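Remarks on the structure that follows.
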Amino acid sequence: MAAHFSTSDLTISVAGHRLLEHAELALATGDKAALVGRNGSGKSTLLATLQAAAAGAAPPEHVEVRGALTFAPGTVAASLPQSPQLAFAGTARAYLDACAGEVSRAWNRHEELVATLAGGGQDPALLGAYGEALEAMDRHGAWDYPRRRAGVTAGLGLDAAMLERTLAELSGGQATRLALAGVLLAPANLLLLDEPSNNLDLASLRFLAGWIRESPAAVLLVSHDRELIDGTVNTVLEIEEHTGRLRRYGGGYTFYAERKREEREAQARQFGEQEERRRQLEGAVRTVAGRASRFQTMSQNDFYRGKSARVARQARAQRTRIERELSRVPEPEPPAQPRLTVPEGAFRDGLLLRAAGIGLRYGAVEVLRGVDLQVRHGDRVAVVGPNGSGKSTLLRVLTGELAPTAGAVERRPGLRIGYLPQVPEAAAPGATLLDYALRRFAGAAEELRPILGKVLFADPASVRAADVSLGELRRIECAAVFAAAPDVTVLDEPTNHLDLLSIEMLETALAEYRGAVVVVSHDQRFLAHLAPTSTLEPGV
0 MAAHFSTSDL
10 TISVAGHRLL
20 EHAELALATG
30 DKAALVGRNG
40 SGKSTLLATL
50 QAAAAGAAPP
60 EHVEVRGALT
70 FAPGTVAASL
80 PQSPQLAFAG
90 TARAYLDACA
100 GEVSRAWNRH
110 EELVATLAGG
120 GQDPALLGAY
130 GEALEAMDRH
140 GAWDYPRRRA
150 GVTAGLGLDA
160 AMLERTLAEL
170 SGGQATRLAL
180 AGVLLAPANL
190 LLLDEPSNNL
200 DLASLRFLAG
210 WIRESPAAVL
220 LVSHDRELID
230 GTVNTVLEIE
240 EHTGRLRRYG
250 GGYTFYAERK
260 REEREAQARQ
270 FGEQEERRRQ
280 LEGAVRTVAG
290 RASRFQTMSQ
300 NDFYRGKSAR
310 VARQARAQRT
320 RIERELSRVP
330 EPEPPAQPRL
340 TVPEGAFRDG
350 LLLRAAGIGL
360 RYGAVEVLRG
370 VDLQVRHGDR
380 VAVVGPNGSG
390 KSTLLRVLTG
400 ELAPTAGAVE
410 RRPGLRIGYL
420 PQVPEAAAPG
430 ATLLDYALRR
440 FAGAAEELRP
450 ILGKVLFADP
460 ASVRAADVSL
470 GELRRIECAA
480 VFAAAPDVTV
490 LDEPTNHLDL
500 LSIEMLETAL
510 AEYRGAVVVV
520 SHDQRFLAHL
530 APTSTLEPGV
């Protein structure tokens, strides 16, 4: 099957820093691939570069591309960036129709002509226009467009009332889901999806997974959601940490993770065997060379002295050959593993926080009603429910960021609450990573530096926050939240934007953390690892 696009010897650099080296990649109809790698490894940059090339545009700003990147005739790409910025003046429904392009135009023209003819229009030109409209409906496959639009919007939790709002009236999460719906409705045969599971509840995630599996389009997605990767893709593409090379693995995330583990173990074993063989041979060579050298010094016979010299030279040559032959297996470079510092909070037992009869209204809109919650030391509370049920709002009430319009929250005197919001805070212009972290940490900069070093930022004062990925900012936020030794840690979609190793970092930290956790998360594996002691579904 012909590929929609292929690359040959593709190298991508940003501001002179190479991210991808000599990549070979092709995607054909029906291929479903997940792109994985560390935060900052170039995943989003690669997707943005592919989208620009498919549209015949220049690469993104500061991105340099070398090598061949070829798209087959007829390839139409649609992309979802990690943080969509929608510029559209109309309603959400009109936005989706615009994304559907010729499909929606064919449908709307057909409906317009049907209404005119039904109203008694007798102009012969109408019949000709109607015939053209029928041809356009067939050509663009528009007959089931309303059904597909309704299926996508329902699947992503976009109700009829929401579709009649302007984009300016939508929340950030609603706008992100609308952007995803627009991509799914686009008449494209290549989809480039960057973190499509962000802002989705469990039902929407299941819908998205089913849609990806059943779509005839080729799909390249970046995702931190291990369940989504396992349930949708037949290929995992990894941007290697130390080399920038693109490695291909068959299967989903579970297969990829197992193969990576086997590869590391095999390389470590082969390297160990190689080094043991090297030690044995070098020992033998040293013994022979030493004896030859001593015999050469002691012997008065020119013949034996010459022979000894030849043996010594041969031993040196043998040592060179050993060095060359036994350096084929490089020493394994373990992945740089970030680690969170998890100090103990002030309280070691007892009730920490109580919410009673919590309600909240925004004008006439009731978001929360009658929510009761008690949080004790060591609790793991998962706040669950569909999009729009008030989960994030409840977390903000618990932290004191929002005041409820009914009920009250009682916090133990002296209680420290660490809060990780759903969306990373925007960095101030010119702010360094250290500046960014200090906004969440009340201590001194010198206390924070070694903590940030453990999450792989050795010199945070020299790196601008604007120059790193959202996932790297998320890692900084996690480090600062835990470093403050909270008694209760409140996490709103904490795995959003994190790479897979950083999610494991967070899971390890929470396993070590003795305080209480209140969390909203769509990531089912993360929640299983957390092992909630209770669940709470807010709403009205």
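Just so we're aligned: the sequence shown equals residues 0 to 539 in numbering that gives the first Met the number 0. For every residue, glycine included, the Cβ atom is placed at its ideal position computed from N, Cα and C. Note that the coordinates shown come from a computational prediction; the quantities given were computed from them, not determined experimentally.
Which residue wins for smallest C-alpha separation from V467, given the options T431, L116 and P58? Along the sequence shown, one-based indexing puts residue 467 at 468. For the residues T431, L116 and P58, the minimum Cα distance to V467 belongs to T431.
Just verifying my parser: in three-state terms, what is the DSSP assignment at Q373? Numbered from its first residue, the sequence shown carries residue 373 at position 374. Three-state result, Q373: strand.
Determine contact between the region 349–362 and the region 401–417, defined as no fewer than three beta-carbon pairs at a distance below 8 Å. Short answer: they touch.
Go to A97, then tell me how far its beta strand (DSSP E) extends in each direction, as first and last residue. Against the sequence shown, residue 97 aligns to sequence position 98. Here A97 belongs to no beta strand (DSSP E); instead the alpha helix (DSSP H) covers A91 to A99.
CA-to-CA distance, E226 to L499, given in whole angstroms: On the sequence shown, residue 499 is found 500 positions in, with the first residue counted as 1. On the sequence shown, residue 226 is found 227 positions in, with the first residue counted as 1. Cα to Cα, the separation comes out at about 12 Å.
Suppose you measure from the CA of H61 to the CA of A14; what does that come to, to the nearest Å? For the purposes of this step, residue 61 is taken as residue 62 along the sequence shown, with counting starting at 1. For the purposes of this step, residue 14 is taken as residue 15 along the sequence shown, with counting starting at 1. Spanning the two alpha carbons is a distance of roughly 5 Å.
Segment contact flag, the region 89–98 with the region 118–129, C-beta cutoff 8 Å, min 3 pairs: No contact exists between the region 89–98 and the region 118–129.
Cβ shell of R524 (< 7 Å), same chain only, five flanking positions each side left out: The sequence position of residue 524 within the sequence shown is 525, counting from 1. Counting only Cβ-Cβ distances below 7 Å, and skipping sequence neighbours, we find R225 and E226.
What's the C-alpha gap between L162 and E343? Here residue 162 is taken as the residue at index 163 of the sequence shown, counted from 1. Here residue 343 is taken as the residue at index 344 of the sequence shown, counted from 1. Those two C-alpha atoms are separated by around 47 Å.
When you compare only the Cα positions, how much space is there between V408 and A141? Taking the sequence shown and counting its residues from 1, the one referred to as residue 408 is at position 409. Taking the sequence shown and counting its residues from 1, the one referred to as residue 141 is at position 142. Cα to Cα, V408 sits roughly 53 Å from A141.
Option nearest G73 by Cα separation, candidates H496, A187 and A527: Counting from one through the sequence shown, the residue named residue 73 turns up at place 74. The option with the nearest alpha carbon to G73 is A187.
Endpoints, the beta strand (DSSP E) within which E20 is located: Here the question's residue 20 lines up with position 21 in the sequence shown. H16 to A27 is the span of the beta strand (DSSP E), which, as asked, contains E20.
Identity of the residues DSSP links to R571 by a beta bridge: Any question about residue 571 goes unanswered here, given that the chain covers just 0 to 539.
Can you determine whether any heavy atom of the ligand GTP sits closer than 8 Å to the C-beta of R146, and answer yes or no? Here there are no bound small molecules, and the ligand GTP is not part of this structure.
Can you tell me which of A355, A363 and G413 puts its alpha carbon nearest to the alpha carbon of R347? Position 348 of the sequence shown, counted from the first residue, corresponds to residue 347. Looking at the Cα atoms, G413 is the closest of the given residues.
Exposure label - T69; buried when at least 16 CB within 10 Å: Position 70 of the sequence shown holds residue 69. Residue environment for T69: exposed (fewer than 16 other C-beta atoms within 10 angstroms of its C-beta).
How about the region 458–467 and the region 386–401: do they share at least three Cβ pairs that are nearer than 8 Å? no
Keeping to the same chain, check which residues put their C-beta closer than 6 Å to that of G172; ignore five residues upstream and five downstream. On the sequence shown, residue 172 is found 173 positions in, with the first residue counted as 1. Closer than 6 Å at the Cβ level, and outside the excluded window around G172, lie N198.
Per DSSP, what kind of secondary structure is T234 in: helix, strand or coil? As a first step, residue 234 is located in the sequence shown; it is residue number 235 there, counting from the start. If DSSP states are grouped into helix, strand and coil, T234 belongs with the strands.
Contained beta strand (DSSP E) runs [length at least 3] in the region 354–411, N- to C-terminal order: 364–375, 379–382 and 405–410
Under the DSSP definition of a beta bridge, which residues are partnered with R225? Here residue 225 refers to the residue found at position 226 when the sequence shown is read from its first residue. Answer is none; R225 lacks a bridge partner.
Once DSSP output is grouped into helix, strand and coil, what is the label at L499? Here the question's residue 499 lines up with position 500 in the sequence shown. DSSP places L499 in helix when its eight states are reduced to three.
Drop a sphere of 10 angstroms on the beta-carbon of E330, count the other beta-carbons inside from all chains shown, and report buried for 16 or more, exposed for fewer. Position 331 of the sequence shown holds residue 330. The residue in question, E330, is exposed, as its Cβ has fewer than 16 Cβ neighbours within 10 Å.
Would you identify the three-state DSSP class for A33, choosing helix, strand or coil? Counting from one through the sequence shown, the residue named residue 33 turns up at place 34. It is a strand residue.
Extent of the continuous beta strand (DSSP E) to which H3 belongs: Position 4 of the sequence shown, counted from the first residue, corresponds to residue 3. For H3, the enclosing beta strand (DSSP E) stretches over residues A2 to V13.
Mapping DSSP to helix, strand and coil, what is E536? Looking up residue 536 in the sequence shown gives position 537. Coil.
Looking only at its chain, what residues have a beta carbon closer than 7 Å to the beta carbon of A208, apart from the 5 residues adjacent to it on each side? Position 209 of the sequence shown, counting from 1, holds the residue named residue 208. Excluding residues within five positions, the ones whose Cβ falls inside 7 Å are L227, G230 and T231.
Same chain, Cβ closer than 7 Å to A567, five either side skipped, listed in chain order: Here the chain has residues from 0 to 539 only, and residue 567 is not among them.
Identify which residue in P334, S203 and P215 has its Cα closest to the Cα of E262. In the sequence shown, the residue the question calls residue 262 occupies position 263. Out of P334, S203 and P215, the CA that lies nearest to the CA of E262 is found in P334.
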